[in-house]
Amino acid sequence: MQLLRNTPEFKPSEVTVAEEVIESYLDNPEGSGYYIFVAVIASSIAGYLCYGPTPLTENTWDIYWIAVSAEKRGSGIGSALIKAAEKEIRHAKGRLVIIETSSTPAYEETIRFYLGCGYEMIARIPDFYSAGDDKLVLQKRLSY
Ligand SMILES: CC(C)(COP(=O)(O)OP(=O)(O)OC[C@H]1O[C@@H](n2cnc3c(N)ncnc32)[C@H](O)[C@@H]1OP(=O)(O)O)[C@@H](O)C(=O)NCCC(=O)NCCS
Numbered sequence: 059m060q061l062l063r064n065t066p067e068f069k070p071s072e073v074t075v076a077e078e079v080i081e082s083y084l085d086n087p088e089g090s091g092y093y094i095f096v097a098v099i100a101s102s103i104a105g106y107l108c109y110g111p112t113p114l115t116e117n118t119w120d121i122y123w124i125a126v127s128a129e130k131r132g133s134g135i136g137s138a139l140i141k142a143a144e145k146e147i148r149h150a151k152g153r154l155v156i157i158e159t160s161s162t163p164a165y166e167e168t169i170r171f172y173l174g175c176g177y178e179m180i181a182r183i184p185d186f187y188s189a190g191d192d193k194l195v196l197q198k199r200l201s202y
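In structure tokens, the structure reads:
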């Protein structure tokens, strides 16, 4: 939670939802519909990723959240977390991974990161989050 609270890109309301998701996962790791990985460096959490099967789809998965602590960014933790999630999704026979994010300038580096991880921008919903803040949808078809 400290990592998420200290991630400047996230709004307090988003952090609250992330906390509810973590609690739901910890209460029922196999049945909550969410899976969570953390990256640990020298006993402290440096990165966080939450993903899960997209309800009512056949083998589509969502990566809901990813965050790396500001001082550890750019050292490969984010891409390692994405690779770990994709490996688990492949094991579960997932075929498509979806990521949704915001179009605000704060997320420009994040979008470059996703494109670098092999995700393709496939949709934009104008003014979705707020006036001027579009929802961007990225996807990756997993190869076997
Ligand atoms: C997006 C994020 C998870 C990336 O994690 P990271 O550990 O910094 O990423 P990596 O070090 O694995 O970088 C992988 C690639 O993306 C590039 N990249 C990632 N973040 C970058 C940044 N801030 N500036 C420049 N390049 C960046 C790296 O250069 C690297 O490219 P390369 O493999 O060609 O060298 C991290 O920056 C973050 O927590 N951002 C804020 C939270 C957020 O936006 N979350 C997503 C919305 S839910």
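In terms of my numbering, the sequence shown opens at residue 59 and continues consecutively.
Where is the CB? At the ideal position from N, CA and C, for every residue including glycine.
Tell me, which residues are paired with Ala125 by DSSP? Beta-bridge annotation (DSSP): Ala125 is paired with Tyr106.
So, using beta-carbon positions, are Leu107 and Leu62 closer together than 8 Å? Contact: no.
Give me the DSSP bridge partner(s) of Glu158. Val195
Does the Cβ-Cβ distance between Ala164 and Glu67 come in under 8 Å? Yes, they are a contact pair.
Note the first and the last residue of the continuous beta strand (DSSP E) segment covering Ser71. Where Ser71 is concerned, there is no enclosing beta strand (DSSP E), although the alpha helix (DSSP H) it sits in stretches over Pro70 to Asp85.
Should Leu196 be labelled buried (16 or more other beta-carbon atoms within 10 Å of its own) or exposed? buried
Once the 5 residues before and after Phe171 are set aside, which same chain residues still bring their CB inside 7 Å of it? Gly136
Residue interval of the alpha helix (DSSP H) (run including Ala100): Neither: Ala100 is in no alpha helix (DSSP H) and is coded neither H nor E.
Return yes when at least one heavy atom of ligand 1 lies under 7 Å from the C-beta of Trp123, else no. yes
In this structure, how does DSSP classify Tyr187 when only helix, strand and coil are distinguished? strand
Mind checking which residues open and close the alpha helix (DSSP H) that includes Arg170? Glu166 to Gly174
Three CB pairs or more closer than 8 Å across the region 150-166 and the region 105-125: yes
Rounded to a whole number of angstroms, what is the C-alpha to C-alpha distance between Ser71 and Ala100? 30 Å
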